[in-house]
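Protein chains in written order, with the working numbering: chain H, 2 to 418; chain B, 5 to 195. Each remark here refers to the structure printed beneath this line.
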């Protein structure tokens, strides 16, 4: 959507909205009216921040790196760093999107407040930016766009447009809470790519065809005005992280595998998609592991299941991921993938709560994943100190790690020489 | 309202009947709770937004829900797996452990503003009035919202909540969810 379309859409909104009673503030906002919304601000220097800093000595990063507390951000989930790098927008699985502001560029947030408090958000997990500064937010069952969000975030009533109307992302009766954390990215083609987790451990057999048509258990793409929607990726269980390889445009994504098959099955997945419409096997398989419930269900005809590009430890819950495009990390990390492991929830011995690195070579193939940062899991007690959820990078090439358990964003940077 | 309470009583007797002869053991429940704590905390105070607070629910409610997850009448990506292999005794033990903690709600708003269709069972502050109802104090609004919509669509079944939710719009559901989510909750762990 270019700015002219937005203005036209806003103008149209004005004509349409005026005679209607306001259901929520969307009517007012799309017609550029003010609301009486006020900000919620999160203190950055209280006991909470002090408690978070006490976690730092437990965190382990490679030699030559240092980890610090970037911001106190309750329920911090997927992140989108704005083009200028002044503001990082952070989704939650609650009702807030946070603006995390670093005006003085000292790499510690100066201010954390809720973005667009006038909008009634519903599980706004997934923010993403277009290169020209439009912020998209994928909610449980709606997609919104905020033009020039990096500048309009200062006021409580930013301009907003609707990309996918409420109830049109998935059928309302398929809404759940758990496998419903959407992630979005703007692809090299300028389209929006949004993951839709399927709301079961294993989907009921009588639903799998409807899910396949809707793109539930997949990644859908659409133009940035919501038109030309199609299912781009098929055969996923619940992906909560995807990103494009800037070198060749391949789409990579993590997936969370079936529970209830034991502590070490099936392995976690990092997948690589090279063509539209590829199928990654679920619910028939998770990688090389067959799902017993679908043993006798006919597989889609003429479809080859794509095997994972790399396997991760079972149940470690690989979520947010991003290619490294910065320069400040050593050469070995350039062009590779950093991904966050949220940590297991019912494995006998908990695993995960780490940041992983997977190299990607010049042909676009994955190497062996390795641990980059860990220590959020207390291995003695099995308790979490924090749970990494997503990875983002500031313009200086340093890494942000969101943590929805501790309620923090950690920063990992090359240590000053 | 009398009809609602009668229905509630009926539900209570039915649900209670299934496991009425099993007595929960709190010590055994505490050990079993190791598999619950990543999401619900050992004291039953939720560790993540998707999980409800279960510390200090009635044993009756906890038993009914675990049994419903086990037999598939209530479905959830995670709970369905966890509950699948629980015995009646284990369900009773878990209910005894989590049901024995003490929740305290702090309502900052004027109780007169409480959602009138909810207070008879859930109280203005979200501490239950009848044992078949869960506490709602301090739950994440999206959790309450999700449950009400599931009752409305029939995905989660309950003789009382089905008809109540059927009458509610999305906006009314969210307003109710916001009311109870705004209540402060403390849970005292009782060993």
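Even glycine gets a Cβ: it sits at the ideal position worked out from N, Cα and C.
Under the DSSP definition of a beta bridge, which residues are partnered with residue 138 of chain H? The residue you call residue 138 of chain H lines up with position 137 of the first chain. According to DSSP, residue 138 of chain H bridges with H:128, H:145.
Name the residue from B:116, B:60, B:155 whose alpha carbon lies nearest to the alpha carbon of residue 183 of chain B. The sequence position of residue 183 of chain B within the second chain is 179, counting from 1. Nearest C-alpha to residue 183 of chain B: B:116.
Can the beta-carbon of residue 139 of chain B be found closer than 7 Å to that of residue 119 of chain B? Taking the first residue of the second chain as 1, we reach residue 139 of chain B at position 135. Taking the first residue of the second chain as 1, we reach residue 119 of chain B at position 115. Not a contact, by the Cβ cut-off of 7 Å.
Run down chain H in chain order and give the residues with a C-beta less than 7 Å from the C-beta of residue 86 of chain B. Residue mapping note: residue 86 of chain B aligns to position 82 of the second chain, counting from 1. The contacting residues are 347.
Taking 7 Å as the threshold (beta carbon to beta carbon), is residue 62 of chain B in contact with chain H? Along the second chain, read from residue 1 onward, the residue named residue 62 of chain B stands at position 58. It does not: the Cβ of residue 62 of chain B has no partner Cβ on chain H nearer than 7 Å.
9 Å Cβ cut-off: residues of chain B touching residue 406 of chain H: Position 405 of the first chain holds residue 406 of chain H. By Cβ distance, chain B contributes 51, 52.
If you run the structure through DSSP and keep just helix, strand and coil, what is residue 285 of chain H? In the first chain, the residue the question calls residue 285 of chain H occupies position 284. In the structure shown, residue 285 of chain H sits in coil (DSSP, three-state: anything other than H, G, I, E or B).
Quick one: residues in its chain with C-beta nearer than 6 Å to the C-beta of residue 278 of chain H, no 5 flanking neighbours on either side, listed in chain order? For the purposes of this step, residue 278 of chain H is identified with residue 277 of the first chain, where counting begins at 1. Excluding sequence neighbours, residue 278 of chain H sits near nothing in its chain.
Between residue 146 of chain B and chain H, is the shortest Cβ-Cβ distance under 7 Å, so that the two count as touching? Residue 146 of chain B sits at position 142 when you count from the first residue of the second chain. Closer than 7 Å: yes.
Distance, Cα to Cα, residue 364 of chain H vs residue 267 of chain H? Position 363 of the first chain, counting from 1, holds the residue named residue 364 of chain H. Position 266 of the first chain, counting from 1, holds the residue named residue 267 of chain H. In a straight line, the C-alpha of residue 364 of chain H is about 27 Å away from that of residue 267 of chain H.
Residues bridged to residue 271 of chain H [DSSP beta-bridge criterion]: Looking up residue 271 of chain H in the first chain gives position 270. Bridge partners of residue 271 of chain H: H:255, H:311.
I'd like to know whether the C-beta of residue 180 of chain H is nearer than 7 Å to at least one C-beta of chain B. The residue labelled residue 180 of chain H in the question sits at position 179 within the first chain. Taking Cβ atoms only, chain B reaches closer than 7 Å to residue 180 of chain H, which makes this a yes.
Going by beta-carbon coordinates alone, are residue 97 of chain B and residue 36 of chain B separated by less than 7 Å? On the second chain, position 93 is the one that residue 97 of chain B refers to. On the second chain, position 32 is the one that residue 36 of chain B refers to. Yes, Cβ-Cβ distance for residue 97 of chain B and residue 36 of chain B is below 7 Å.
Only counting the same chain, and skipping five residues up and downstream in sequence, which positions put a Cβ closer than 7 Å to that of residue 185 of chain H? Reading the first chain from its first residue, position 184 is the one you call residue 185 of chain H. The answer, listed in chain order, is 127, 129, 137, 139, 193, 194, 195.
What did DSSP end up calling residue 61 of chain H once you bin it into helix, strand or coil? Reading the first chain from its first residue, position 60 is the one you call residue 61 of chain H. It is a strand residue.
Just by C-beta distance, which residues in the segment 21-44 of chain B are closer than 7 Å to chain H? 39, 42, 43
With a Cβ-Cβ cutoff of 7 Å, do residue 179 of chain H and residue 81 of chain B count as a contact? As a working mapping, residue 179 of chain H is identified with position 178 in the first chain. As a working mapping, residue 81 of chain B is identified with position 77 in the second chain. Against a cut-off of 7 Å, the Cβ pair of residue 81 of chain B and residue 179 of chain H comes out as a contact.
Would you mind giving the Cβ-Cβ distance between residue 169 of chain B and residue 149 of chain B, rounded to the nearest angstrom? I have them listed as a contact below 8 Å. On the second chain, residue 169 of chain B is found 165 positions in, with the first residue counted as 1. On the second chain, residue 149 of chain B is found 145 positions in, with the first residue counted as 1. Contact flag wrong, Cβ pair sits at about 11 Å.
For residue 176 of chain B, name the three-state secondary structure that DSSP assigns. As a working mapping, residue 176 of chain B is identified with position 172 in the second chain. Of the three classes helix, strand and coil, the one that applies to residue 176 of chain B here is helix, per DSSP.
Quick one: does residue 28 of chain H have its CB under 7 Å from some CB of chain B? Residue mapping note: residue 28 of chain H aligns to position 27 of the first chain, counting from 1. Chain B, which has no Cβ nearer than 7 Å to the Cβ of residue 28 of chain H, makes this no.
If the cut is a Cβ gap below 7 Å, which residues of chain B does residue 280 of chain H touch? As a position in the first chain, residue 280 of chain H is number 279, starting the count at 1. Here the premise fails: no neighbours, minimum Cβ distance about 22 Å.
Do you know how far the Cα of residue 109 of chain H is from the Cα of residue 161 of chain H? For the purposes of this step, residue 161 of chain H is taken as residue 160 along the first chain, with counting starting at 1. For the purposes of this step, residue 109 of chain H is taken as residue 108 along the first chain, with counting starting at 1. Each residue's Cα considered, the two are about 28 Å apart.
Our contact map puts residue 401 of chain H next to residue 415 of chain H with C-beta atoms below 8 Å; I'd like the distance itself, whole angstroms only. As a first step, residue 401 of chain H is located in the first chain; it is residue number 400 there, counting from the start. As a first step, residue 415 of chain H is located in the first chain; it is residue number 414 there, counting from the start. With a Cβ gap of about 14 Å, residue 401 of chain H and residue 415 of chain H do not count as contacting.
Which residues, taken in chain order from the segment 127-153 of chain B, show a beta carbon closer than 8 Å to some beta carbon of chain H? 144, 145, 146, 147, 149, 150, 153
Take the Cβ of residue 408 of chain H as the centre, count every other Cβ of all protein chains shown within 10 Å, and call the residue buried at 16 or more, exposed below. Locating residue 408 of chain H in the first chain gives position 407, counting from the first residue. Counting Cβ neighbours within 10 Å, residue 408 of chain H comes out buried, since at least 16 surround it.
Rank B:123, B:105, B:87 by C-alpha distance to the C-alpha of residue 30 of chain B and give the top, closest one. By 1-based counting over the second chain, the position of residue 30 of chain B is 26. Here the closest residue by C-alpha is B:105.
Determine, using beta carbons only, whether residue 103 of chain B and residue 66 of chain B come nearer to each other than 7 Å. Within the second chain, the letter at position 99 stands for residue 103 of chain B. Within the second chain, the letter at position 62 stands for residue 66 of chain B. Yes. Within cutoff.
If you draw a straight line from the C-alpha of residue 33 of chain H to the C-alpha of residue 26 of chain H, how long is it? On the first chain, position 32 is the one that residue 33 of chain H refers to. On the first chain, position 25 is the one that residue 26 of chain H refers to. If I take the Cα positions, the gap works out to 10 Å.
So what does DSSP say about residue 176 of chain H, is it helix, strand or coil? On the first chain, residue 176 of chain H is found 175 positions in, with the first residue counted as 1. Coil.
Give me the Cα-Cα distance between residue 144 of chain B and residue 182 of chain H, rounded to the nearest whole angstrom. As a working note, residue 144 of chain B is residue 140 in the second chain. As a working note, residue 182 of chain H is residue 181 in the first chain. If you take the alpha carbons of residue 144 of chain B and residue 182 of chain H, they lie about 15 Å apart.
Host beta strand (DSSP E) of residue 131 of chain B (start-end): The count along the second chain starts at 1 and reaches residue 131 of chain B at position 127. Per DSSP, residue 131 of chain B belongs to no beta strand (DSSP E) and is neither H nor E.
If distances are taken between C-alpha atoms only, which option among B:161, B:173, B:131 comes closest to residue 185 of chain B? The count along the second chain starts at 1 and reaches residue 185 of chain B at position 181. Among B:161, B:173, B:131, the Cα nearest to that of residue 185 of chain B belongs to B:131.
6 Å Cβ shell around residue 22 of chain H - same chain, five flanking residues per side excluded: Counted from its first residue, the first chain places residue 22 of chain H at position 21. Below a pLDDT of 50, predicted positions are generally treated as unreliable, and residue 22 of chain H, at 35, falls in that range; the measurement from the model is reported next regardless. Once the five neighbours on either side are set aside, residue 22 of chain H has no close Cβ partner at all.
is_contact[residue 81 of chain B, chain H] using C-beta, thresh 7 Å: Counting from one through the second chain, the residue named residue 81 of chain B turns up at place 77. For residue 81 of chain B, the answer is yes, since a Cβ of chain H falls inside 7 Å of its Cβ.
When the Cβ atoms of the segment 101-116 of chain H are set against those of the segment 149-166 of chain B, are three or more pairs found closer than 8 Å? no
Beta carbon of residue 294 of chain H, beta carbon of residue 203 of chain H: below 7 Å? Position 293 of the first chain, counting from 1, holds the residue named residue 294 of chain H. Position 202 of the first chain, counting from 1, holds the residue named residue 203 of chain H. Their beta carbons are under 7 Å apart, which means residue 294 of chain H touches residue 203 of chain H by this criterion.
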